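Numbers 1 to 259, taken from the working numbering, label the letters of the sequence shown in order.
The C-beta atom is built at its ideal place from N, Cα and C for all residues, glycine as well.
None of the values given here were measured: they were computed from a predicted structure.
The block underneath contains the structure these notes are about, expressed in structure tokens.
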Amino acid sequence: MAGQLLTAVPGTAPTPAAESVQYVWYRDGQRLTEHSTDPTYRLTRDDGGHKITVRVFYGRNGYVQASSPASAAVLPPGYFTSGPAWIVGSTVVGYVVSARTSYTSPSPSTALYQWYRDGKPIIGARGTSYRLTAADQWRQITFKVTFKRANTVDLSVVSRAIKPLAVFTKLPAPVVRGTYTAGQLLRASVTLSTPAATSVTWQWFRDGRPIAGATGPSYRLTRYDRDRFVHVVATYRKANYLSSPRPSALRWVPGPTTV
């Protein structure tokens, strides 16, 4: 593993005895170091997954330099490289979200998943997808993926967090009162949603297109509404809840009567 110190231990001493002993380290047969009297080598990340060997060189005045065979190889574990992880899907209570990861090298043989709520493991949530529950509303939801491969250091990546919204369970449709004739005033109202919305916003439509400036609960019909369908959409709003629109029924505004 990176940072680990390897030390070469010479075998049987040559005859006659050497006057100098030097060491050279190799990665996959390629020289890593020059001749040195230092018998040690500190592993780096670049050595991961490669065969590390050492040879001992003996010297004596008047003798040809001799060297030992390469040592048995040391195979340090490799390392993963990976990009970020993230969550996809509708971040609303009741919906299923899925884990996504970017490139990973080398390819893992196994990927283990665990979902978290506010940094604590969610019991039983160990797949690539997860159905959001009421307990997840406006909490920090993340997942951690741990990559595994033989002779490779495990790598864990944590996703970016999402904060799921809840949904209204009851959304009453707006009720519109008034006469659908140009010049008449229409008034819209809603009953309580479940849970109760903190605000309701309005938008009136003519033939399915928003009417500019018509953003209140009342609207006075104009000549442009003649021979058109008019309706209103009420949007329920509440902190930590998905803003939810609900339309009224479409009503036809008759044109002028011809005799």
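Span separating the alpha-carbon of residue i from that of residue j
i	j	result
PRO254	LYS170	33 Å
SER189	LYS238	18 Å
PRO14	THR152	38 Å
GLN22	ARG60	12 Å
ALA66	THR40	20 Å
ARG160	PRO217	40 Å
GLU19	SER36	14 Å
LEU165	THR33	59 Å
ILE162	ARG117	10 Å
LYS120	GLY89	21 Å
ILE122	ILE141	10 Å
ASP38	VAL158	42 Å
THR133	GLY94	6 Å
Nearest-angstrom Cβ-Cβ length linking residue i and residue j, presumed shorter than 8 Å
i	j	result
THR110	LYS148	4 Å
ALA99	THR128	5 Å
TYR219	LEU186	5 Å
VAL145	LEU112	7 Å
PRO174	ARG246	7 Å
Candidates the options, of which the one nearest residue i by Cα
i	options	result
ARG131	THR15, THR91, THR198 and TYR180	THR91
LEU5	ARG31, ARG45, THR12 and GLY11	ARG45
TYR26	PRO16, LEU43, GLY213 and PHE229	LEU43
SER82	LEU186, PRO108, PRO195 and TYR224	PRO108
ALA150	ALA166, SER248, PHE80 and ARG187	PHE80
ALA8	PRO16, VAL24 and ALA2	VAL24
VAL97	PHE143, THR104 and VAL64	PHE143
SER105	GLY62, LEU155 and GLY124	LEU155
GLY62	ASP28, VAL158, GLN114 and PRO16	PRO16
VAL176	PRO210, ALA212, THR133 and LEU221	LEU221
GLY3	THR191, ASP227, TYR241 and ASP47	ASP47
SER193	ALA212, ARG226, SER244 and ILE211	SER244
Strand pairing of residue i, partner residues [DSSP]
i	result
PHE319	Coverage of the chain is limited to positions 1 through 259, which leaves residue 319 absent and any answer about it impossible.
TRP25	VAL54
TYR103	TYR103 is not bridged to any residue.
ILE162	ILE141
GLN30	ARG27
LEU186	TYR219
GLN203	VAL233
When the Cβ atoms of the region 226-239 are set against those of the region 193-211, are three or more pairs found closer than 8 Å? yes
Taking 8 Å as the threshold, find out whether the region 68-77 comes into contact with the region 44-58 through three or more Cβ pairs. yes
Does the region 34-52 come within contact of the region 73-83, defined as at least 3 CB pairs closer than 8 Å? yes
Cβ pair count under 8 Å reaching 3, the region 120-138 against the region 168-187: no
Within the chosen definition, does the region 239-254 reach the region 176-189 through at least 3 CB pairs nearer than 8 Å? yes
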